[in-house]
Amino acid sequence: MSTETTQAFDDFLFHLPQITQNFIKQLHDEGYFIGYESDFIDSLEAYFLQKNISVHDDLYYDGACYLGEWFRRHYQGQWELEQDKKSVFYNKPIINYHHKSGVVFSPFTALKTVILKKKTGTLKTIIMSNVADRKPNP
123 MSTETTQAFD DFLFHLPQIT QNFIKQLHDE GYFIGYESDF IDSLEAYFLQ KNISVHDDLY
183 YDGACYLGEW FRRHYQGQWE LEQDKKSVFY NKPIINYHHK SGVVFSPFTA LKTVILKKKT
243 GTLKTIIMSN VADRKPNP
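Right under this line is the structure:
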């Protein structure tokens with residue numbers, strides 16, 4: 123991994139708390155109440171579908187950061203930069219939640235799928251398919 127890539131990932135981790143805090147506040151200001159409890163995933167998806175957010179919007183990036191933090195907290199994961207050159211997530215931030223099969227969670231890909239499919243329930247389906255045999259933190 124290059125020094126530049128490592129620095130970019132370190133910067134990502136450094137700014138993550140502020141990004142997610144600002145994102146939550148912005149949604150609250152618009153009447154969408156989200157936090158880190160399990161039932162807020164539906165609110166996140168509803169916001170993206172109702173506001174017609176694109177993958178080119180800053181809100182996509184901020185929402186993916188929030189989703190990653192939500193997932194990390196619920197499934198005891200940690201942010202990592204994918205190092206497997208064969209992975210579709212290579213050099214991208216993912217959540218490694220130490221699944222026995224080696225599966226990782228990409229909040230950026232999950233949210234992009236929601237945006238492209240434009241179908242309610244997509245996000246929950248993605249999450250459940252990743253963690254079918256795991257129980258979330260209460």
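Numbered according to the numbering used here, the sequence shown spans residues 123 to 260. Note that CB positions come from ideal geometry on N, CA and C, so glycine has one too. Computed from a predicted model, the values in this text were never measured in an experiment.
| Query | Result |
| --- | --- |
| Buried versus exposed call for A186 [16 or more other C-beta atoms within 10 Å across all chains shown] | buried |
| Identified DSSP bridge partners for I141 | DSSP lists no partner for I141. |
| Beta strand (DSSP E) segment containing Q200, residue limits | 200-203 |
| Distance, V236 Cα to K173 Cα | 12 Å |
| Contact set for F131: own chain, Cβ-Cβ below 6 Å, skip 5 residues either direction | L203 |
| Nearest candidate by alpha-carbon position, reference L135, set F170, K234, L149, D184 | D184 |
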